[in-house]
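Note sheet for the following structure.
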Amino acid sequence: MSNIRITKQFSFETGHALYGYDGKCKNVHGHSYKLSVTVIGSPITDRSNVKYGMVIDFTDLKKIVKEEIVDQFDHATVFNGTTPHIELANELINRGHHVILVDYQPTSENMVVDFSQRIINRLPQGITLFSLKLQETESSFAEWFASDNMKSIL
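Just add 3 to wherever you are in the sequence shown, counting from 1, and you've got the working numbering.
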């Protein structure tokens, strides 16, 4: 049976700030992120299976990405919790804001690595994350490919 790639796209709004950065992105700001998730696998060949002919039901993929990423990051502000931004984060949390503290600089590059692990941990057997594309502006994006990260997957 052939391997087939399927892709589902998502969007969410997230704020962040890059501690120590030498440009405008050191300030708290936000993006309308677009995330494309591509998985690969063989379509189900069991005719008695309700998912017959599918690699994975788009609804099942949506549930995973929504729970692991969209529901958590949408309308949140992400800070590197290992920097002095922790003080700002705590102030915002005390005022009822949705803040996510990560142990990395919240760049698109690092976020896409984080997202890859979250998704990989939830995919059913036989389905592999092929790639992610995290677009933070119309012309700027970071991509993660499984083939570029084989050592980190194993």
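Don't be surprised by glycine CBs; every beta carbon is placed ideally from N, CA and C.
Inset, instruction - Sort F148, S142, D117, V116 by Cα distance to T131 and report the nearest one. - result: F148
Inset, instruction - Under 6 Å Cβ to Cβ from E112, same chain only, skipping five residues before and after it: list those, please. - result: Residues of the same chain with a CB within less than 6 Å of the CB of E112, apart from the 5 flanking positions on each side, are A145 in chain order.
Inset, instruction - Decide if the stretch 79-87 is in contact with the stretch 117-136; the criterion is three or more beta carbon pairs, one per stretch, under 8 Å apart. - result: no
Inset, instruction - Would you give the residue range spanned by the alpha helix (DSSP H) that V116 belongs to? - result: 111-123
Legend entry - Residue ranges of each alpha helix (DSSP H) within the stretch 32-92, 4 or longer: Segments of the alpha helix (DSSP H) lying fully in the stretch 32-92: 61-68.
Inset, instruction - Take G33 as the anchor and find which of D49, E16, E94, S5 has the nearest alpha-carbon. - result: E16
Legend entry - Helix, strand or coil at L126 according to DSSP, with G and I counted as helix: coil
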